[in-house]
Every structure is written in C-alpha cells, then in structure tokens.
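Down below is the structure, laid out as structure tokens.
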Amino acid sequence: MKLAVLIHEGPYNHEASDSAYNFINAAIEKGHEIRGIFFYHDGVYNVTKLMEPPQDDRHIANRWSELGAKGIDIVVCIAAAKRRGIVDDVLVDNVRISGLGQLTMMAIEADRMVTFGD
Amino acid sequence: MSDDIKKIMFTVRNAPHGSIYVYEGLEVKLIMAAYDADISVVFMDDGVYALQQGQNTTELGIKGFEATYGVLVDYEIDKVYVDKKSMEDRGMTVEDLVVIGEDEDTEEPIKPTVIDADEIGKMMAEQHNILPF
Numbered sequence: 001m002k003l004a005v006l007i008h009e010g011p012y013n014h015e016a017s018d019s020a021y022n023f024i025n026a027a028i029e030k031g032h033e034i035r036g037i038f039f040y041h042d043g044v045y046n047v048t049k050l051m052e053p054p055q056d057d058r059h060i061a062n063r064w065s066e067l068g069a070k071g072i073d074i075v076v077c078i079a080a081a082k083r084r085g086i087v088d089d090v091l092v093d094n095v096r097i098s099g100l101g102q103l104t105m106m107a108i109e110a111d112r113m114v115t116f117g118d
Numbered sequence: 001m002s003d004d005i006k007k008i009m010f011t012v013r014n015a016p017h018g019s020i021y022v023y024e025g026l027e028v029k030l031i032m033a034a035y036d037a038d039i040s041v042v043f044m045d046d047g048v049y050a051l052q053q054g055q056n057t058t059e060l061g062i063k064g065f066e067a068t069y070g071v072l073v074d075y076e077i078d079k080v081y082v083d084k085k086s087m088e089d090r091g092m093t094v095e096d097l098v099v100i101g102e103d104e105d106t107e108e109p110i111k112p113t114v115i116d117a118d119e120i121g122k123m124m125a126e127q128h129n130i131l132p133f
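If you want it as structure tokens, here you go:
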C-alpha cells in the first residue's frame with residue numbers, strides 16, 4: 001500500500017512524532033511504500049537542526065533526516081513554518097519546505113494518509 | 001469526475017479558537033479545493049462551534065476566520081456537514097450556523113447540511129483519506 005503521513009505536533013512535548021516515526025519504520029519493514037511525510041501546525045519544529053537533546057535521548061530531527069536520506073519525500077509546510085520562524089537555514093538535511101499543494105498531492109497519490117497528533 | 005478520483009474528508013472536532021488547528025485546517029481545505037479531489041468536510045464535537053454565526057475574536061487579540069466559511073461554495077466545497085447530536089448537545093440550531101455561500105440560480109444562502117452520526121459513519125467508510133483538524 002502507498003501511504004502518506006501527516007504530523008501535527010512538535011517533538012518531545014507530544015508522542016505523535018515518535019508514533020509516526022515508529023509507524024513509518026514498521027510500514028517500510030512490511031513492504032509498504034511511503035509516498036511522503038508532511039509536517040504541519042507545530043509539527044514543523046520536528047526538523048530543525050537547532051535542537052540539541054541530551055546525548056542519552058533520541059535526536060528526533062536527525063531521525064527524520066535519516067529517513068529522508070533513504071529517499072522519502074519529507075515536506076515542511078511553508079505557511080506553518082514561516083509563522084513559527086522555521087526557515088530553510090535551520091532545517092536538517094533531506095527535508096524541504098514547500099506548500100500545502102504538496103500535502104494535497106500526497107493525499108491524492110497515497111492509498112491512505114495517516115495523521116498523528118490532535 | 002472519473003471513477004478513481006480520491007475522496008478526501010476533513011473532520012473538524014476542535015473548537016475554533018484556543019488552538020490553531022481549525023484555522024490552519026481551513027487553509028488546507030481552500031488549497032486542496034484547487035485540486036482534482038472529491039472533498040467533504042464534517043464538523044462534529046466542539047468543531048460545531050466553528051460554524052457558529054457572529055464570532056468576534058477582538059477580545060482574544062487574534063485574527064478571526066468566520067468570514068472565510070462564506071466562500072467555501074465559491075471554492076466548490078459544498079459538501080459541508082454538521083453532526084446533529086453535537087450541535088444539539090451544545091444548544092445550537094440551524095439558525096445559528098454560518099452561511100457557506102449562495103445558490104447560483106436562486107441566490108438563496110447555503111448552510112452546512114445537518115446529518116446524524118449514522119450517515120457520517122457511512123460517508124467515512126467510503127473515503128480514501130480522512131484528515132482531522
């Protein structure tokens with residue numbers, strides 16, 4: 001199945017981002033295709049390289065960047081990002097800023113879109 | 001419309017103010033309307049408050065967006081539904097609902113369609129994707 005993932009919440013404060021990450025890895029392992037990952041609302045905070053968690057904690061932004069390096073299209077909503085001060089310069093590698101049209105294309109092209117967060 | 005057109009439903013369950021979900025969700029609907037998809041929107045739980053007429057956000061110090069609902073039909077989003085029980089539980093009636101556009105021929109105002117949970121459930125079962133905001 002072709003899946004897309006929409007993430008509404010920021011990192012650390014809410015489990016949504018961790019659940020999405022685990023879901024995506026499990027889906028890939030089962031042979032599903034990830035059409036794309038879209039960060040919206042506070043979800044845009046997931047992929048800033050400014051974050052510096054303690055060494056014994058998971059590094060959420062790096063995890064997304066590593067998934068992106070595998071060729072998964074990871075998109076940060078430009079409107080949501082601008083509102084929150086997230087710009088290209090602060091993004092980790094392998095993710096990109098684009099518009100809600102990209103979310104639309106993911107929703108249309110994927111068999112299912114799964115949302116994480118309130 | 002071709003048979004393989006994607007059916008995408010938005011659900012709105014949060015109150016319109018106090019969080020940004022409903023407002024940023026509205027932005028998604030307006031963008032998505034420009035694409036070839038079968039869009040529907042269902043307001044339920046506290047989401048029905050988003051459809052209440054006469055909202056005034058001045059005291060909150062935030063930008064209101066009630067007026068934007070008035071262009072939904074112009075954006076060809078006319079499948080706008082509101083859950084009957086959620087509305088009744090909150091003491092709202094059809095009279096309280098915002099107008100989402102007007103009929104091209106009669107110029108009559110169009111309001112969201114009140115339906116019950118069974119009908120919403122049936123519609124949900126037919127969707128390809130359901131996006132909650």
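One line per chain: the protein sequences are A and B, in this order.
Heads up: the first sequence begins at 1 in my numbering, then just goes up one per residue.
Heads up: the second sequence begins at 1 in my numbering, then just goes up one per residue.
Ideal placement from N, C-alpha and C gives every residue a C-beta, glycine not left out.
Inset, instruction - Work out the CA separation of residue 96 of chain B and residue 95 of chain A for me, nearest whole Å. - result: 44 Å
Inset, instruction - Tell me, please, whether the CB atom of residue 73 of chain A is closer than 8 Å to any CB atom in chain B? - result: no
Legend entry - Residues of the region 84-113 of chain A with Cβ closer than 8 Å to any Cβ of chain B, in chain order: 99, 100, 101, 103, 104, 105, 107, 108, 110, 111, 112 and 113
Inset, instruction - Kindly indicate the opening and closing residues of the alpha helix (DSSP H) around residue 67 of chain A. - result: 60-69
Legend entry - Secondary structure of residue 161 of chain B, DSSP reduced to three states: Outside the displayed range of chain B (1 to 133) lies residue 161 of chain B, so it cannot be described from this structure.
Inset, instruction - Starting from residue 24 of chain B, find everything on chain A with Cβ-Cβ shorter than 7 Å and list it in chain order. - result: 40, 41 and 80
Legend entry - residue 23 of chain A (DSSP reduced to helix, strand or coil): helix
Inset, instruction - Report yes if the C-beta distance between residue 48 of chain B and residue 81 of chain B is below 8 Å; otherwise report no. - result: no
Inset, instruction - Name, please, each residue of chain B whose Cβ falls closer than 8 Å to the Cβ of residue 50 of chain A. - result: What residue 50 of chain A touches in chain B: nothing, since even the nearest Cβ is about 21 Å away.
Inset, instruction - Kindly identify the DSSP beta-bridge partner or partners of residue 129 of chain B. - result: B/8
Inset, instruction - List the residues of chain A whose Cβ lies closer than 8 Å to the Cβ of residue 56 of chain B, in chain order. - result: Chain A residues near residue 56 of chain B: none, gap ~23 Å exceeds 8 Å.
Legend entry - Contact with chain B by residue 6 of chain A, beta-carbon distance below 8 Å: yes
Inset, instruction - Would you grab the beta carbon distance between residue 77 of chain A and residue 44 of chain A for me? Rounded to a whole angstrom, and I think it's under 8 Å. - result: 6 Å
Inset, instruction - Return the bridge partner residues of residue 75 of chain A from the DSSP annotation. - result: A/38 and A/96
Legend entry - Through-space distance from residue 44 of chain B to residue 25 of chain B, alpha-carbon basis: 14 Å
Legend entry - 6 Å CB neighbourhood of residue 89 of chain B in its chain, flanking five on each side removed: none
Inset, instruction - To the nearest angstrom, report how far apart residue 107 of chain B and residue 94 of chain B are at their CA atoms. - result: 18 Å
Legend entry - Among B/18, B/29 and B/5, nearest to residue 132 of chain B - alpha-carbon criterion: B/29
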